[in-house]
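Read left to right, the sequence shown gives residues 0 to 355 (numbering that gives the first Met the number 0). Notes follow the structure.
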Amino acid sequence: MLGHAFTADQQHASQLLRSGPPRRLGRVPHLPDSYVTSRRWSIGIVSPEPCSSLSGNGVTARRWETLLAELGHRVRVQSAYAGEDYDLLISLHAMKSAAAIEAFHERFPGRPQVLALTGTDLYGDLEGDPRALRSLELADRYVVLQPRGLNRLPGELRERAVAIHQSLARIVRRAPKSEGAFDVCVLSHLRHVKDPLLAAAAVQLLPPESDVQVTHVGAAFEPELGRRAKKETTTNPRYRWVGELDREAALAVLAASRILVLTSRMEGGANVVSEAIAAGVPILSTRIDGSVGILGEDYPGYFPVGDAQALSDLLRRAETDPGFYADLRRHIERLVPLVDPARERAAWKRLLASLC
């Protein structure tokens, strides 16, 4: 855990985090009044993935671009920083955006930076990467995508952090894709950290009379997993991998599903959880901070990481127990205000104001 890592090497962390002038928690120093009071900032957003990427970071960056533009700012998303004259730089991923964060600091040492900490940052090996620690040092504010992410930061960093839930306009539910089937979707790229074939394993454990059918949408980021998903599609009658779809088509699959399954081993706060809430689609998820921080501790649809049997049992219960399915839906409906775009936009407005 990141917080534990800092306390274990407290002297080193203290030296690193306190080198140079203290980072500001109020108005950014060394900036002219016209900069601080301006209603329109020039903002660069650096996301490690290409701007056209359908990955979580790519979707997040483009959504923030829209929200910040709606607040009246001039915003550009790019995969690398090339010396542009921005008033503010927002970077996703402490390790992968380290070069951008360092370069912006060198060119504009008095200008603010916001660092969005991803799942890999918070739940991976952040403390073991000097570039990532340098990114933490240079950032004025940190953004995490659900409140439990704050607990991964030691106290001296937590006071600079804010949790901002990801949002999406309400999605209209669609008729099921298959008459008589209990349609389930997995919206996840094929990467080891996503445990992408767990749903395929789970549906093989269902009884013959089950009508559960899984549609898996996502690109094969790891070729071996793509080969396995293709084989699973040909041999497992309950599972179909359709590869990567454009965002509109992927959301259409979600809107026509009875259940979304999330099998990740770790997440900072998956976009797809907010998307399912916006669509009113119940979720079955691994019990990981990235999901619990959004859905709540008492959400009834969790199963242990890597446990195909537990997922299979939940799928069967959702299919056959109307009371359980209704309970899942009630929990999801109560969370709809959490993913309102107006809420996320207001959170960013407050964050920018805190830099003045």
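Don't be surprised by glycine CBs; every beta carbon is placed ideally from N, CA and C.
Discussion item. So if DSSP puts Arg140 in a beta bridge, which residue, or which two residues, is it bridged to?
Written reply: Here residue 140 refers to the residue found at position 141 when the sequence shown is read from its first residue. Answer is Val113.
Fill in: Ranges of the alpha helix (DSSP H) found wholly within the stretch 226-260, counting only runs of at least 4
As far as the stretch 226-260 is concerned, its whole alpha helix (DSSP H) runs of at least 4 residues are 246-254.
Worksheet item: Just the Cα atoms here: how many angstroms apart are Asp288 and Gly267?
Response: If you number the sequence shown from 1, residue 288 lands on position 289. If you number the sequence shown from 1, residue 267 lands on position 268. The straight-line gap separating the alpha-carbon atoms of Asp288 and Gly267 is approximately 8 Å.
Worksheet entry | Whole-angstrom C-beta distance between Ser311 and Leu204, which should lie under 8 Å | Locating residue 204 in the sequence shown gives position 205, where the first residue counts as 1. Locating residue 311 in the sequence shown gives position 312, where the first residue counts as 1. Correct: roughly 4 Å between the Cβ atoms.
Discussion item. Residues in the same chain with beta-carbon distance under 6 Å from Pro146, minus the five sequence neighbours each way, listed in chain order, please.
Written reply: Along the sequence shown, one-based indexing puts residue 146 at 147. Counting only Cβ-Cβ distances below 6 Å, and skipping sequence neighbours, we find Ala162, Gly292.
Worksheet item: In terms of residue numbering, what span does the beta strand (DSSP E) encompassing Thr65 cover?
Response: For the purposes of this step, residue 65 is taken as the residue at position 66 of the sequence shown. Unbroken run through Thr65 is the alpha helix (DSSP H), 55-69; no beta strand (DSSP E).
Worksheet item: What separation, rounded to the nearest whole angstrom, lies between the Cα atoms of Arg62 and Pro207?
Response: Translated into the one-based positions of the sequence shown, residue 62 becomes position 63. Translated into the one-based positions of the sequence shown, residue 207 becomes position 208. Taking the straight line from one Cα to the other gives about 42 Å.
Practice prompt. Identify, in the order they occur along the chain, each residue of the same chain with its Cβ nearer than 7 Å to the Cβ of Ala60, setting aside the five sequence neighbours on each side.
Written response: Here residue 60 is taken as the residue at index 61 of the sequence shown, counted from 1. Within the same chain, Ala60 has close Cβ partners Ile44, Ser46, Val76, Leu91.
Item to complete: Would you kindly check if the distance between the Cβ of Ala317 and the Cβ of Leu327 is under 9 Å?
Response: Position 328 of the sequence shown, counted from the first residue, corresponds to residue 327. Position 318 of the sequence shown, counted from the first residue, corresponds to residue 317. Yes.
Worksheet item: Would Arg151 be called buried (16 or more neighbouring beta carbons within 10 Å of its own) or exposed?
Response: Position 152 of the sequence shown holds residue 151. By the neighbour-count rule (16 or more Cβ atoms within 10 Å), Arg151 is buried.
Worksheet item: When the Cα of Gly295 is compared with those of Met265, Gly242, Arg333, which residue comes out closest?
Response: As a first step, residue 295 must be located in the sequence shown, where it is residue number 296. When each option's Cα is compared against that of Gly295, the closest is Arg333.
Discussion item. Suppose the cutoff is 6 Å on Cβ atoms and the five residues either side in sequence are ignored; what does the same chain contact list for Leu244 look like?
Written reply: Counting from 1 along the sequence shown, the entry for residue 244 is found at position 245. Only residues of its own chain outside the window of five on either side were considered, and among them Val216 have a CB closer than 6 Å to the CB of Leu244, listed in chain order.
Discussion item. Just list the residues that DSSP pairs Gly300 with in beta bridges.
Written reply: Translated into the one-based positions of the sequence shown, residue 300 becomes position 301. Note: Gly300 sits in no beta bridge, so no partner.
Worksheet item: Is it buried or exposed for Gly55, if we count other Cβ within 10 angstroms and need 16 for buried?
Response: The sequence position of residue 55 within the sequence shown is 56, counting from 1. By the 10 Å Cβ count, Gly55 comes out buried.
Discussion item. Please return the same chain residues whose Cβ sits closer than 8 Å to the Cβ of Arg73, not counting the five positions on each side in sequence.
Written reply: Translated into positions along the sequence shown, residue 73 becomes position 74. Shown here for Arg73: same chain residues with a beta carbon closer than 8 Å to its own, the five before and five after excluded, namely Arg39, Trp40, Ser41, Ile42 in chain order.
Worksheet item: How long is the line joining the alpha carbons of Ser256 and Ala249, rounded to whole angstroms?
Response: Counted from its first residue, the sequence shown places residue 256 at position 257. Counted from its first residue, the sequence shown places residue 249 at position 250. Their backbone Cα atoms lie some 11 Å apart in a straight line.
Discussion item. Does the structure place the stretch 230-247 close enough to the stretch 111-123 that three or more beta carbon pairs sit under 8 Å?
Written reply: These segments do not touch.
Item to complete: Report the three-state DSSP secondary structure of Val213 (helix, strand or coil).
Response: Working through the sequence shown from its first residue, we reach residue 213 at position 214. Of the three classes helix, strand and coil, the one that applies to Val213 here is strand, per DSSP.
Worksheet item: To which residues of the same chain is Val394 closer than 6 Å at the C-beta, ignoring the five residues directly before and after it?
Response: Examination of residue 394 is not possible in this model, given that the chain is present from 0 through 355 alone.
Practice prompt. May I have the straight-line CA-CA distance separating Leu196 from Leu167, to the nearest angstrom?
Written response: For the purposes of this step, residue 196 is taken as residue 197 along the sequence shown, with counting starting at 1. For the purposes of this step, residue 167 is taken as residue 168 along the sequence shown, with counting starting at 1. Between Leu196 and Leu167, the C-alpha separation is close to 27 Å.
Discussion item. Looking at the secondary structure, which residues open and close the beta strand (DSSP E) in which Gln77 lies?
Written reply: Along the sequence shown, read from residue 1 onward, the residue named residue 77 stands at position 78. Judged by DSSP secondary structure, Gln77 falls within the beta strand (DSSP E) whose first and last residues are 73-77.
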